[in-house]
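Asks:
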Amino acid sequence: MNEVDTLDGATHSAWATFRALLADGVAALATGDTLLVTCPSTPSDPTPPCVQFHGWDESVVRCEVLSDDYLAPHRAWTSFGSALLTELGFHAPPRTAEDAGAAPDDTEDASIPVNWYLDLSHRYADRAADACVRVLRDVWQVPHPSFLTVAGRADAEVCGIGRTVAESAPALDPFVAVRTADAAGRRALVEATLRHLLGFLPDADEDGDYPFRLGPAWLYLCPTEDAPFVQILAPVAAGIADTVHAAQVIADVNRRWPHVKLVLDEDRVVATVDVTVVPFVPQHVLDMLAVMEKFVAETAEDVVTALGARPYLDRTGVVTPEPEGRTPLLPESLCRLAEAVWERGADVSVGEVLALCGGDRTRIADLLSLARGCENQSLTRTVWDDERVAASAGLDARVWRVTAALLTAAHRRLVAEARDGSPTVQLDLFGGVDPTGGVGDTLFD
1 MNEVDTLDGA
11 THSAWATFRA
21 LLADGVAALA
31 TGDTLLVTCP
41 STPSDPTPPC
51 VQFHGWDESV
61 VRCEVLSDDY
71 LAPHRAWTSF
81 GSALLTELGF
91 HAPPRTAEDA
101 GAAPDDTEDA
111 SIPVNWYLDL
121 SHRYADRAAD
131 ACVRVLRDVW
141 QVPHPSFLTV
151 AGRADAEVCG
161 IGRTVAESAP
171 ALDPFVAVRT
181 ADAAGRRALV
191 EATLRHLLGF
201 LPDADEDGDY
211 PFRLGPAWLY
221 LCPTEDAPFV
231 QILAPVAAGI
241 ADTVHAAQVI
251 ADVNRRWPHV
261 KLVLDEDRVV
271 ATVDVTVVPF
281 VPQHVLDMLA
291 VMEKFVAETA
301 EDVVTALGAR
311 PYLDRTGVVT
321 PEPEGRTPLL
331 PESLCRLAEA
341 VWERGADVSV
351 GEVLALCGGD
361 RTRIADLLSL
371 ARGCENQSLT
381 RTVWDDERVA
391 ASAGLDARVW
401 RVTAALLTAA
411 HRRLVAEARD
421 GSPTVQLDLF
431 GGVDPTGGVG
441 DTLFD
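Take the sequence shown: its position 31, counted from the start at 1, is 31 in the UniProt record's numbering, and no numbers get skipped.
#1: I need the boundaries of the alpha helix (DSSP H) containing phenylalanine 295, first residue and last residue.
#2: According to the Cβ coordinates, are leucine 36 and asparagine 115 closer than 7 Å?
#3: Would you mind sorting alanine 83 into buried or exposed? The rule is 16 or more other CB atoms within 10 Å of its CB.
#4: Can you tell me whether leucine 198 is buried or exposed? The criterion is at least 16 other CB atoms within 10 Å of its CB, across all chains shown.
#5: In the structure shown, what three-state DSSP assignment does valine 269 receive?
#6: Look at proline 342 and valine 253 and say whether their C-beta atoms are less than 7 Å apart.
#7: Taking the alpha-carbon of leucine 356 as reference, which of Leu406, Ala390, Leu307 and Arg310 has the nearest alpha-carbon?
#8: Buried or exposed: where does residue 464 fall if 16 or more other Cβ atoms within 10 Å of its Cβ makes it buried?
#9: Using the C-alpha atoms, what's the distance from phenylalanine 53 back to alanine 27?
#10: If I'm right that alanine 410 touches valine 350 with Cβ under 8 Å, what's the distance once you round it to whole angstroms?
#11: Starting from histidine 54, trace the beta strand (DSSP E) both ways and give me its first and last residue.
#12: Suppose you measure from the CA of threonine 403 to the CA of alanine 397; what does that come to, to the nearest Å?
#13: I need the straight-line Cα distance from valine 260 to valine 249, nearest angstrom please.
#14: Apply the 10 Å Cβ neighbour rule to alanine 365 and answer buried if 16 or more other Cβ atoms are within range, or exposed otherwise.
#15: Taking only three categories from DSSP, how would you classify isoleucine 250?
#16: Apart from the five residues just before and just after serine 59, which ones in its own chain have a Cβ nearer than 8 Å to its Cβ?
#17: Alpha carbons only, please: which of Leu307, Gly359, Leu334 and Gly89 is nearest the one belonging to alanine 390?
#18: Do glycine 55 and aspartate 33 come within 7 Å of each other at the CB atom, strictly closer than that value?
#19: Just to confirm, is the Cβ distance from alanine 177 to proline 279 under 7 Å?
#20: Can you tell me which of Gly25, Leu414 and Leu88 puts its alpha carbon nearest to the alpha carbon of glycine 152?
#21: Spell out a yes or no on whether the stretch 267-284 and the stretch 181-198 are touching, meaning 3 or more CB-CB pairs, one atom from each, closer than 8 Å.
#22: Looking at the structure shown, is tryptophan 77 part of a helix, part of a strand, or coil, going by DSSP?
#23: Please list the terminal residues of the continuous beta strand (DSSP E) segment that includes tryptophan 116.
#24: Quick one: Cα of proline 216 to Cα of phenylalanine 295, how far?
#25: Using C-beta distances below 8 Å, list every residue in its chain close to valine 304, excluding the 5 sequence neighbours before and after it, in chain order.
#26: Do proline 145 and phenylalanine 18 count as a contact pair if the criterion is CB distance below 7 Å?
#27: Within 10 angstroms of the Cβ of glycine 239, are there 16 or more other Cβ atoms? Answer buried if so, exposed if not.
#28: Kindly indicate the opening and closing residues of the alpha helix (DSSP H) around cysteine 132.
#29: As a quick exercise: from Leu395, Glu298, Leu368 and Ser369, pick the residue whose alpha carbon is nearest that of leucine 379.
#30: Using 10 angstroms around the beta-carbon of threonine 47, count the other beta-carbons present and answer buried if the total reaches 16, otherwise exposed.
#31: Would you kindly check if the distance between the Cβ of leucine 221 and the Cβ of threonine 272 is under 7 Å?
#32: DSSP on leucine 71, reduced to helix/strand/coil?
#33: Using DSSP bridges, identify the partner residues of proline 223.
#34: What is the rounded straight-line gap between the Cα of proline 282 and the Cα of proline 40?
#35: Where does arginine 398 sit, in a helix, a strand or coil, going by DSSP?
#36: So, at 6 Å on beta carbons, what are the nonlocal neighbours of alanine 204 in its own chain, with the 5 sequence-adjacent residues on each side left out?
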């Protein structure tokens, strides 16, 4: 028998135990007593999915399952789920939550349920327990009863629901594959994996992600609600001014670290690893966390330096503030021009420069000053000991040199047109710009 089959057998046994204990608890409900079985919840759940048993009187127990009015949209009852409830004997809600709110003091209406409901005699408690387990497993995809929370009055608690099942739940084996088909089940396993790794569960942030420190690295473990994978995220750099150069650095790092993906988002860079969790194997997540820890320890600082940026987070995991007097990001028009030069080199014309940057001489002069500054910064990086950084900086310097030449040509054309009204003027930039406004190959020599 393989490990997956062994786990399936243990899971089946745990559900059987839970079903028997639940039946005992339902049978013991007195009039007015309530037993509540709650599923694992996610940040998107307004109310955790749950099944409630209520002692209606001495002979009847009512079992209620939440209706769509109280469930998150992604948990709304499908045709399959509704058919299953009908098959199990449940009745559709006779009224909505809105109706209940409209007449909160109406005693007669208060007895009319707003959820799916099933009324059974105490002697059919086993049928009620079986219906509850079918809903939990087949509809809400709870992988194991140990993920449930059970609460009730003293008579219901005597049966030991929750405590006994939790004690029978197998300890997390990081090498065992677990099949899950629900976001709540994946999140529960993510939490169990973090407890196994760290000895505690970090508090989730407002997005439902789990931030924690692993060695020198601040990492985020991010369960996804709508896809069968989890993402490991490491904030790397912030305050990036030269996005063209950043794209080159990122491409080089991504080639050298095939399992880690650097992503540029505006002026920030983060590292990500996506781990498929169908089936969920905790060791796969642990292995990729180790890869990300190694990446941050060995490469993140060099990436920040190569980008001319600042660390995204400080040593306490707090976002680093933007320094006072920080040079603003390069104008979009200048970035687009530099990208065009990088892609097409000498094929960029002065006319395209004016179309991108406008016909204002003052603005062209400002952009020219920025381009020359970027060229000087790139030339400074060419003397670094790291050969890869130096080579990349040399290419950057060429791009910015051509960009500055094009802006100079555009400025001269605007000056000439303002002087004599003629759009045609002989332009000679470094021997590499021809009279038609093109830039010759000598700019790359």
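Yeah, the Cβ is synthetic: ideal placement off N, Cα and C, and Gly gets one too.
Replies: The relevant details are as follows:
#1: Phenylalanine 295 -> alpha helix (DSSP H) spans 282-295.
#2: Between leucine 36 and asparagine 115, the CB-CB gap reaches or exceeds 7 Å.
#3: With fewer than 16 Cβ atoms within 10 Å of its Cβ, alanine 83 is classed as exposed.
#4: So leucine 198 counts as exposed.
#5: Residue state for valine 269 is assigned as strand, using DSSP reduced to three classes.
#6: Residue identity differs from the one stated: residue 342 is tryptophan in this sequence, not proline. By the CB criterion at 7 Å, tryptophan 342 and valine 253 fall outside the cutoff.
#7: Here the closest residue by C-alpha is Leu406.
#8: No answer is possible for residue 464: the residues shown for the chain start at 1 and end at 445.
#9: Rounded to whole angstroms, alanine 27 and phenylalanine 53 show a C-alpha spacing of 10 Å.
#10: With a contact defined as Cβ atoms closer than 8 Å, alanine 410 and valine 350 qualify at about 5 Å.
#11: 50-55 is the extent of the beta strand (DSSP E) around histidine 54.
#12: Spanning the alpha carbons of threonine 403 and alanine 397 requires a straight line of approximately 10 Å.
#13: A direct Cα-to-Cα measurement between valine 260 and valine 249 gives close to 14 Å.
#14: Looking at its Cβ environment, which holds fewer than 16 other Cβ atoms inside 10 Å, alanine 365 is exposed.
#15: Isoleucine 250 falls in the helix class under three-state DSSP.
#16: Here the set comprises Ser121 and His122.
#17: Cα-wise, what sits closest to alanine 390 is Leu307.
#18: Yes, Cβ-Cβ distance for aspartate 33 and glycine 55 is below 7 Å.
#19: Alanine 177 is a Cβ neighbour of proline 279, given a cutoff of 7 Å.
#20: Nearest in C-alpha terms to glycine 152, of all of Gly25, Leu414 and Leu88, is Gly25.
#21: Contact between the stretch 267-284 and the stretch 181-198 is present, because at least three Cβ pairs lie under 8 Å.
#22: Reduced to three states, the DSSP call for tryptophan 77 is coil.
#23: Boundaries of the beta strand (DSSP E) harbouring tryptophan 116: 116-121, taken from the DSSP string.
#24: Proline 216 and phenylalanine 295 have their C-alpha atoms some 10 Å from each other.
#25: The beta carbon of valine 304 sits closer than 8 Å to the beta carbons of Val236, Ala237, Arg310 and Pro311 from its chain, once the five residues preceding and following it are set aside; these are given in chain order.
#26: A contact, by the Cβ cut-off of 7 Å.
#27: Glycine 239 comes out buried.
#28: Here the alpha helix (DSSP H) through cysteine 132 covers 125-134.
#29: Closest in C-alpha terms to leucine 379, from the list Leu395, Glu298, Leu368 and Ser369, comes Leu395.
#30: Around the beta carbon of threonine 47, fewer than 16 other beta carbons lie within 10 angstroms, which makes this residue exposed.
#31: No; because the gap between Cβ atoms is not below 7 Å, this pair is not in contact.
#32: Coil, per DSSP.
#33: Answer by DSSP bridge pairing, in chain order: Val230.
#34: Straight-line measurement puts the Cα of proline 40 at about 19 Å from the Cα of proline 282.
#35: Correct three-state label for arginine 398: helix.
#36: Leaving aside the five residues that flank alanine 204 on each side, the residues in its chain whose CB is nearer than 6 Å to its CB run, in chain order, Tyr210.
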